[in-house]
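Residue numbers (this note's numbering), protein chains in the order written: chain S, 85 to 368; chain F, 29 to 937; chain H, 8 to 225. All C-beta atoms in this analysis are idealised placements derived from N, C-alpha and C, irrespective of residue type, glycine included. Scroll down for the structure; my scribbles are underneath it.
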C-alpha cells in the first residue's frame, strides 16, 4: 500500500538551466560531428565554432541561474562524486582545446576536442540521472536519451553549418533514429515507474506533441533529403529544414523535461498510523 | 547570524483563544523581540508541558506589523459606511482621551441610562472573555463607570458552544464540557474539533490518549483534523446529530439489559426515580411539596428525601394523593393518579428512536449506531472504581463531546441532553474517565466551579434563572438584546448579557419585531479585540447598523472593518508590550484542567511601539479625566484586576485618591494574588514575577470532578427530566403572550421536559422558503471549520499564519467532495461561487474525499475588506452568506453556522 | 559514535504547524521557506478516507544524495550525522535540491521578500542573514543549539537548550530527537517499542528521520 500526494514541480531550475542541456547538448553533439567531419575531410571549422559557442552559451545561461555567480569556480571542488563538477572540468578542457582547434583549423585538435565533448554530454546525462528528487530524471533510460539527442541535435545542426551530403544525412538520420529509440525506451521506462503519470502527461500536452512531431518530421525530411540527393536544391532545403527540426525537437523535449515534467518525488507513507485503537475499544 | 549582544527572555502567556492560557517566553535580542519559546520552567505544572500553539508564533509579526495604528486618531469624515473614507488623522493622547471623556461626562450629567432604560454606554469584547486578559485594569474603569450594555455581540451565541454553555452549566456546572481525556477510553465526538481548537492541553492529552489506546469516533460531515486523528469517521448529515444521539440513548435503553447501566447512580444521583404526573410536572407530597418517589420497601410513594428510602427506578403506579407545581406556582391536586418515573418517561420518549429510524435521518447505517452503542457500554466499566488523590471514585472511561455547530442553534438542546444522558445512564457524568465540565461562567465563583454548587430546590443544585413570574419577569429589557427577558437560563451574571442572543442587538438596531420598541443605539460604544463586522453573520447589514452608532471608541491594532466606523482609535500596547497578571490553572475552559492553579504575568518584552500605551495606563487616565479615580481605585482594591488587594492577613490596597502608575498597580496585584494563593505565606512582587513569570500552588485532581461535591451535598443531577425548564418555558410563554409578543413562540417549543426530535434540517429549508427562495436551488449544506492558526487569534493580518496554514488542506478555500465537484464541472483551484439566498462569496475550490457529497466547507472567517494583508487574500467566508434570522434562533438565543447553498464555477451561468 | 535522528510519531501529529512556525521564527527563514513543515495527506475514497499529517524536512541521510551531487563541497556531513551547508562555499546551483528525494531544500535569491513586503520588520532585520540568500538552505537539526548545548554538557533531545526548536515546541509530543546510538536513550527506546518506517528507503539514503505509526515491533 503506497499512499502519496501529488507532488509539486521542482521550483529552482527554469529555462536558464534547461538552456545548458539544450545548448550544451547540441554543442557537444555538434563538436563530435565536427570531429567526424574533420576525420573524413569534410568542413568542420564553422561547425566546431558553433558547437563551442553553443556549449559556452549553455554554461553562461547556468551562470545566470546560480545564486552566487561570483563563486562559480567553486563548482570544481567535488569531482569525486558530483557530475556537475565533472561536467565543469570536462568543459574546462573542451573549451580551450576547441578554441585552439578553431584557431588552427587543425583536424587533430578537433579530434582532441571531441573526447571532452563526449564526456560533457555524458556528464550532462548523469547530472539528471543523479537527481534523485526528480523521478522523471532519475529514470535510467535518461542517459541514452540525453546522449542520443545531443548527437541528433549536433548532426542536425551540422546539416546547416557543414555539408548536406549523403554521409551527413545518413549520420543525422542514424542519430535521429537512435534518439527515437532512446526516447521510446525512456517513455516506456517512465510509464513503468509508479507516480510518473503527470510527467508523462506533460509530453502529451500540445507543447510535448509539437516537439515529438518535430522529431518525426525531421526524420522524414532528412530521409527525403537523402533520397532526393540528386536534386541539390531540394535536397539542400530539406536537409537544412530536417537538421533544424532535429535540433528544435531535442530542445523542446529537454526544455519540457527540465522544467514542466520535473515533478518532485512524492511523499510516500506506506502505512496509515494507528490513531487510537482503531476498532477495538478496549485495546490498550 | 551575528551573535546578539544582549539576549533576554521575558516571561509571558498566550491567551489568544479560550483554550488557554498557556505559558511562554519571549526572546529579546538587542531590544528586539525575535521569537517565542516555550516556558520550560512550566513543564512540570502545565498539562501541555509549558508549550504554546502555533498562534503564539504570530505575535512577533503582530508586534512589528507595519500596518499597526501607532498613534491615537480621530475621524474627520462624519459620514460612516463601508464606502466612506473615515479620514483618520493622528491626534495626541490628550486630545483623544479628552474627547472620549467629554462624551462620558456629558452622559453622566444626563444619566447613565437613556429614555428606554438602556445603558448609554456599550462595550464589545471579542472571543470567550480572552480580551480581559489583555485589557489590564479596564474592568476597574468599567466597574467605576456603572451600567454598560454588552449586548452587541461579535459572534457570541453563534460561534461558540452556546447550548452547552447554558445547559451544561445548568446540569453539571459545565459551561464548557470535555472528556476526561486523561482517563477515558472511548469518546463519541460529534464534531468536536479539539485537535484544532482544544488548545495545547487538549492536543497533548488526546495524543497521549491515542497512544494509550483510546477510541474516538468522530461524527461530522467533513473530515476535520480531529476526525483525521480519530479511530473512525462517521460522515453524518449536517444538523442531524440529535437523531444520532437520541438513537444511541434508545439503543442502550431498549437493546441492552439494565445491568449495563449504572443503576445506583441513576437512582441516587439523578431525578430518574421522581414520579411524573399527567400534566408533566413532578408529583409532590401534598404537604411539603417535595417530589415523590416510589419506595420499593414500603410499596408506596414517599418524598425523595425520606430516610432509608429505596426508590424504584422505572415503572408506573397509581398515587393516591399528590399535587404538582405548575407554572406561576399553580398547585394542582391529584387523587389516584397514574404516575411514571422520570426514567420511564424518558424511555417512553425515546422509544421510537430506533437505529433504523435514525439511519434514514443521519445517513449513518443502523448497524453502525448499534455498534457504537455497544462499544460505548463495553468501555463504560460500570461498577469499577479508581483512586484519585486518595479518594475512591467511580471509573467510567466513556465520554461524548460536541462540536460548535452541533452545540448551538436548533437541535443543540436535544444534543446536549442526549449527550449528558448518555453519560448519566452509565454514571459517567463528572467522574474519572467520563464527561466533565471544566468551568463556570453563569454561576460564581468563576475560579472554582465546585464552590458554585449550592443546594437548590427539589434535591438539585441551585440555578440562577432570570425570573419568569408574573410580577418578577423583566418586561422591559435592561439591555438591547433582552437577554434577561427572553432567555431565563442565561442568568444575570457578568457574562449573561454576552451569552444572550447577541445577534438580536444587531437585528433590533435595524428592525425591531412587532410589539417591541426599537432600542436606541448606545451613545458610546467601546470595542476591543473584536471585529464583528467580519466575525458575525450577514456582515454587510451588520456593518450598516454599526455605521449608525453615533460614537465609537475602538482600541485599534490595525485598521479593520469595525474600527473603520470608529470616531476615535486608541492604540493599546499589544501582547508583547504590556503588563498584566492573570489566573492560570485550576479548571478553565475546554480541557484546561491542571493539577496546579496560580497566576502568571505578561511582562512587556519590549516597550510599546509608537505611541501605543499600556491598557492599564489608558484605563487610569480615562478614570482620572472622567472624575472616577476613587471609584476606579476602589474597584481595583475589590479585585477588578483579577485579585482583591486586601484579604485575610494581607492588605496591598491602593490609595483611592491617587493616580497609580502601571507597575504600582500590578505590583499590588502580584502581591495580593500570591498572598491569597499561599494563604498569606508567600508574597511575590512584580519584580519577582518579571523573573519567574508564574506562581502556582497545587490543585487537587479530585477537584476536576463534580461528583464528590454532589455526594457531599446530597444533591442529584437534574436529569433525565427537565421539569424546571418546562415550567420556566410555560411561564415565559404566558408573560410574552400577556404582552402580545408572539415572535418568540417557536423558541418556546424548546422548553420541554424531555427533548424530542423534530426535523431540524428542515428549518433551514423553510428559512429559504420564508425569504421567497426555493430550497432546491440551494442543494448543498454550507458549513465552516476552524484551523489552529486562525481560530480566535486575531491573526488574519499576520503573514506567517497564512504561510503555515497553507500547508493544511482547504486553507482559504471552498472544501467540497471531489465527486460533487466533478459533477459540477469544478476542478481543483477553480474559483467558485458559494451562494445562499442572502448573498454570495467566492473562493478557490479544493475538492477532497473527506467531505460529504452534500456539504461544502468554508474554513475560518474571511470577510475582510479593510484589514491590511487579510483584505488581499480573497478567501471565501461563510459569514457573508448566512442570514441573521429570528426563525433560526433557538430558545437559548443561539444559531448555527449552517446555511443552504449552491456552488458553481465563478462566472458560470 | 553519535548519530542524531528525528522521530515523528504520526499517531500524535495533528498537523498544527507549530513546528513549522517555530522553525521559521527561530531560524529566520524568509517567506515561503520552510525547513520543517507538516504535510496534510488524504488517501482513500469517500467515505473510506484517511488524513495523515506528516512532518517533513531534511532527513539527514546517512548517504545523502545532496552531498553526492554538490559540486562545491558546501554540503557536508558531520560525524554525528548532521548534514550541513557551508553558505560561504555554496554556489547556489540548486543541484542538491534536485537530488533530494525529500524536497527538503530551498533556495531564495537575493530579492527575497519579507513578511510585509520589501521592507523587513525590526524582528526580521535582527534575524536577516544576507549570507543565506542565493544559497541552498535546509534544516540543520538546529546544529548550533546542539553544539552550544553539548558544549555545556547538555543532552540533545532531553535538555531543551540543546534540542531543535521544532521538537521543543511540538505540542502533541509527536517530534522527538536524540542520539540513536545511545541504546538506552529515549529515541532508541521509542523506536524499539514501536513500529516505524523511513521514507524512500529504496533510494539507499538511510534517512535519519523515523516515522512511528503503531506500537509494538514488526
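Chain H within 8 Å of residue i, Cβ atoms only
i: residue 204 of chain S; result: no
i: residue 93 of chain S; result: no
i: residue 104 of chain S; result: no
Proximity of residue i and residue j at Cβ, strictly below 8 Å
i: residue 280 of chain F; j: residue 405 of chain F; result: yes
i: residue 656 of chain F; j: residue 61 of chain F; result: no
i: residue 21 of chain F; j: residue 147 of chain F; result: Outside the modelled stretch of chain F, which goes from 29 to 937, sits residue 21 of chain F, for which no answer is possible.
i: residue 861 of chain F; j: residue 796 of chain F; result: no
i: residue 98 of chain F; j: residue 640 of chain F; result: yes
i: residue 813 of chain F; j: residue 221 of chain F; result: yes
i: residue 254 of chain F; j: residue 217 of chain F; result: yes
i: residue 552 of chain F; j: residue 132 of chain F; result: yes
i: residue 225 of chain S; j: residue 269 of chain S; result: yes
i: residue 858 of chain F; j: residue 873 of chain F; result: yes
Minimum Cβ-Cβ distance from residue i to chain S less than 8 Å
i: residue 55 of chain H; result: no
i: residue 242 of chain F; result: yes
i: residue 602 of chain F; result: no
i: residue 259 of chain F; result: yes
i: residue 224 of chain H; result: no
i: residue 238 of chain F; result: yes
In DSSP terms, what residue i is bridged to
i: residue 222 of chain H; result: H:201
i: residue 691 of chain F; result: None; residue 691 of chain F has no bridge partner.
i: residue 41 of chain F; result: F:51
i: residue 464 of chain F; result: F:206
i: residue 121 of chain H; result: H:124
i: residue 621 of chain F; result: F:615
i: residue 61 of chain F; result: F:56
Residue environment, residue i, which counts as buried when at least 16 other CB atoms sit within 10 Å
i: residue 148 of chain S; result: exposed
i: residue 24 of chain H; result: buried
i: residue 889 of chain F; result: buried
i: residue 117 of chain F; result: exposed
i: residue 282 of chain F; result: exposed
i: residue 587 of chain F; result: buried
i: residue 200 of chain H; result: exposed
Test: residue i CB closer than 8 Å to a CB of chain F
i: residue 62 of chain H; result: no
i: residue 47 of chain H; result: yes
i: residue 360 of chain S; result: yes
i: residue 145 of chain H; result: no
i: residue 92 of chain H; result: no
i: residue 194 of chain H; result: no
Stretch-stretch touch, CB-based, cutoff 8 Å, three pairs: the stretch 68-86 of chain H with the stretch 177-187 of chain H: With fewer than three CB-CB distances shorter than 8 Å, the stretch 68-86 of chain H does not count as touching the stretch 177-187 of chain H.
Segment contact, 8 Å Cβ cut-off, at least three pairs: the stretch 12-30 of chain H with the stretch 543-557 of chain F: The stretch 12-30 of chain H vs the stretch 543-557 of chain F: no contact.
Segment contact flag, the stretch 890-909 of chain F with the stretch 285-295 of chain F, C-beta cutoff 8 Å, min 3 pairs: Counting Cβ pairs under 8 Å, fewer than three are found: no touch.
Validate contact between the stretch 135-147 of chain S and the stretch 39-53 of chain H using beta carbons, cut 8 Å, 3 pairs: Fewer than three pairs of CB atoms, one per stretch, sit closer than 8 Å, so the stretch 135-147 of chain S makes no contact with the stretch 39-53 of chain H.
Inter-stretch contact (C-beta, 8 Å, three-pair minimum) for the stretch 402-417 of chain F and the stretch 366-377 of chain F: They do not touch, by the three-pair rule.
Three-pair Cβ contact test at 8 Å for the stretch 747-754 of chain F versus the stretch 769-789 of chain F: Three or more Cβ pairs drawn from the stretch 747-754 of chain F and the stretch 769-789 of chain F lie within less than 8 Å of each other, which places the two stretches in contact.
Validate contact between the stretch 455-467 of chain F and the stretch 198-218 of chain F using beta carbons, cut 8 Å, 3 pairs: Contact between the stretch 455-467 of chain F and the stretch 198-218 of chain F is present: 3 or more CB-CB pairs across the two stretches fall below 8 Å.
Three CB pairs or more closer than 8 Å across the stretch 31-45 of chain F and the stretch 242-256 of chain S: These segments do not touch.
Three or more C-beta pairs below 8 Å linking the stretch 585-605 of chain F and the stretch 88-107 of chain F: Touching, per the Cβ criterion.
The stretch 730-746 of chain F touching the stretch 478-495 of chain F, judged by at least three CB pairs closer than 8 Å: Yes, the stretch 730-746 of chain F is in contact with the stretch 478-495 of chain F.
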